[in-house]
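Chains as they are written, first to last, in the numbering used here: chain A, 1 to 262; chain B, 263 to 524.
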């Protein structure tokens, strides 16, 4: 009960795809964890100890969840001068959703607006009540994700995936300097492809030639249908070759299929 | 590690002053916990079981900390349909600060701006990284608290206390509909005194005839000196009879001293 992770959400986490004991996008996960530690003022755990963890996952596809809290101590909100962070981890078998890769997904806009806090933007920290409340907005299993705008009305992300879209032939993704989680697959794709970080309202989604939801565990889900927060359809996309190039680029990094039967 | 309180800060807490096993402002604490449960969509624990906890504290002054998380389960951010909340509690001996009651305190403005999230405003939930970062802005033990504005520049609260001030003879406190924790002592004082909830910028603090920091554990600290975020003095107040009336009203509710030697 005295762990500051539990008391205040004073910590960070990473969820890492592991195939036969080998982690995917490891450097990107470690870079984000390190950035988080710097912002929160916590020492990073020993990198060699961290690097041993993926091998503990069993054969096949697993997700390794790392959680790093500031540990115990301090006086109320004041952190201890020399915190002893606590590292927890668990692995679980993982089954991806090939039908989402192939056919695309249906998503909706969420009603919840993300609060703007530049100090914490991009980090995968443990203060995730907004994500919990947003994800509670729907229970229909046919809805794969919900899109989130910030309190100024800009499109930011989905509840647990990042957004990329193509508009006028150009790849774009929301700028995450005010809120949202800067996903590791998004980061790696930003390095490899001419994707531009933009500020745009939710109307952009319906104007896009293609939209994808991406994260380092699920891979790339093309968006086939977008509804408003009440479930009224706003736009449809036919999933075709226009969607496959970005997907193939990302899936090659994750060891996921890069081609799909028409 | 699978407790949603740890994973996402998906829960609530209360810190309750207990004297010889008898809790102070119990109804206000339970009302806030109940409001939090309603917003988060969690069942409230059995009220009789909760009511037995203060008696577990030892003799003298203690603080009882209650923590209620949504428990385990769900799929990622999606909460389980029928969550089984987990209640944790601990008690600790507590020593108040009579010198702060008597002489007042020195406070400063924090640099951090609170993000605006009306859905969570007022709740004492477990997503408290902003408070941790704000409290990390100073280590000088002579600084008792830090004042926080929201991202629109309105004064909201201190890192773990609420603010009340007197201006033109009128008692005012920041409106907490966008962020901040609605303290139980503040709530009870709002019920008993003609205190008006207002939206005001930080300049109000230097204009006030008196300012107090209040919470249900520490009682009422008059503010004697206010500095800016760099430590430059902005205003001073001589602690006198003008400060004592509100303090006496609050302290009577907490069993704290209501009169101080000049």
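We put the CB at the ideal spot given by N, CA and C, even for glycine.
Considering only their Cβ atoms, is the gap separating residue j from residue i smaller than 8 Å?
i: residue 180(A); j: residue 159(A); result: no
i: residue 89(A); j: residue 66(A); result: yes
i: residue 292(B); j: residue 347(B); result: no
i: residue 287(B); j: residue 450(B); result: yes
i: residue 358(B); j: residue 481(B); result: yes
i: residue 438(B); j: residue 457(B); result: no
i: residue 14(A); j: residue 40(A); result: no
i: residue 474(B); j: residue 460(B); result: no
i: residue 309(B); j: residue 266(B); result: no
i: residue 425(B); j: residue 435(B); result: yes
i: residue 221(A); j: residue 105(A); result: yes
i: residue 504(B); j: residue 462(B); result: no
i: residue 398(B); j: residue 80(A); result: no
i: residue 423(B); j: residue 476(B); result: yes
i: residue 385(B); j: residue 274(B); result: yes
i: residue 470(B); j: residue 427(B); result: yes
i: residue 94(A); j: residue 61(A); result: yes
i: residue 244(A); j: residue 260(A); result: yes
Can you list, in chain order, the residues of its chain whose CB lies under 6 Å from that of residue i, leaving out five sequence neighbours each side?
i: residue 285(B); result: 278 and 316
i: residue 299(B); result: 306
i: residue 349(B); result: 307 and 330
Return the bridge partner residues of residue i from the DSSP annotation.
i: residue 90(A); result: 65(A)
i: residue 472(B); result: 428(B)
i: residue 419(B); result: 410(B)
i: residue 459(B); result: 435(B)
i: residue 363(B); result: In DSSP, residue 363(B) forms no bridge with anything.
i: residue 15(A); result: 65(A)
i: residue 489(B); result: 370(B) and 495(B)
i: residue 125(A); result: 12(A)
i: residue 215(A); result: 219(A)
i: residue 405(B); result: 368(B)
i: residue 23(A); result: 18(A)
i: residue 244(A); result: DSSP lists no partner for residue 244(A).
i: residue 35(A); result: Residue 35(A) is not bridged to any residue.
Could you name the residues of the same chain whose beta carbon sits closer than 8 Å to that of residue i, not counting the 5 residues immediately before and after it, in chain order?
i: residue 263(B); result: 269
i: residue 517(B); result: 281 and 286
i: residue 155(A); result: 147, 148, 149, 163, 174, 200, 201, 202, 204 and 205
i: residue 10(A); result: 4, 40, 69, 70, 79 and 126
i: residue 167(A); result: 204, 207, 208 and 209
i: residue 336(B); result: 266, 342 and 345
i: residue 455(B); result: 433, 508 and 511
Show which residues of chain B have a CB atom less than 8 Å away from the CB atom of residue i.
i: residue 72(A); result: Neighbours of residue 72(A) on chain B: none; closest Cβ ~12 Å, over 8 Å.
i: residue 88(A); result: 263
For residue i, collect the residues of the same chain with a Cβ closer than 7 Å to its Cβ; drop the 5 residues on either side in sequence, then sort them by chain order.
i: residue 520(B); result: 510, 513 and 514
i: residue 496(B); result: 468, 488, 489 and 490
i: residue 178(A); result: 116, 118, 121 and 150
i: residue 500(B); result: none
i: residue 28(A); result: 184, 187 and 188
i: residue 57(A); result: 18, 21, 64 and 91
i: residue 396(B); result: 372, 374, 408, 410 and 421
i: residue 406(B); result: 362, 367, 368, 369 and 483
i: residue 419(B); result: 410, 425, 436, 442 and 443
Using 7 Å as the cut-off, classify the Cβ of residue i as near or not near the heavy atoms of the ligand MG, replying yes or no.
i: residue 145(A); result: Among the components modelled here there is no ligand, and therefore nothing to report on the ligand MG.
Give the residues of chain B in contact with residue i, contact being defined as C-beta atoms less than 7 Å apart.
i: residue 151(A); result: 378
i: residue 79(A); result: 394 and 398
i: residue 127(A); result: 271, 389 and 391
i: residue 67(A); result: 263
Comparing the C-beta of residue i with each C-beta of chain D, is any distance below 8 Å?
i: residue 402(B); result: Considering every chain present, this structure includes no chain D. Its protein chains are A and B.
Which chain B residues are close to residue i, counting only those with a beta carbon under 9 Å from its beta carbon?
i: residue 160(A); result: 338 and 339
i: residue 6(A); result: 265, 267, 268, 271, 273, 329, 331, 350 and 388
What does residue i reach in chain A if we use C-beta pairs closer than 7 Å?
i: residue 445(B); result: Ordered by position in chain A, no residue passes the 7 Å Cβ test against residue 445(B), which lies about 14 Å from the chain.
i: residue 303(B); result: 136
Residues of chain A with a CB under 8 Å from the CB of residue i: which are they?
i: residue 374(B); result: 119
- Query: Do the region 365 to 379 of chain B and the region 410 to 417 of chain B meet, that is, are 3 or more Cβ pairs less than 8 Å apart?
  - Reply: The region 365 to 379 of chain B vs the region 410 to 417 of chain B: in contact.
- Inspect the CB distances between the region 123 to 137 of chain A and the region 383 to 392 of chain B and report whether three or more fall short of 8 Å. Three or more Cβ pairs closer than 8 Å define a contact, and the region 123 to 137 of chain A meets that threshold against the region 383 to 392 of chain B.
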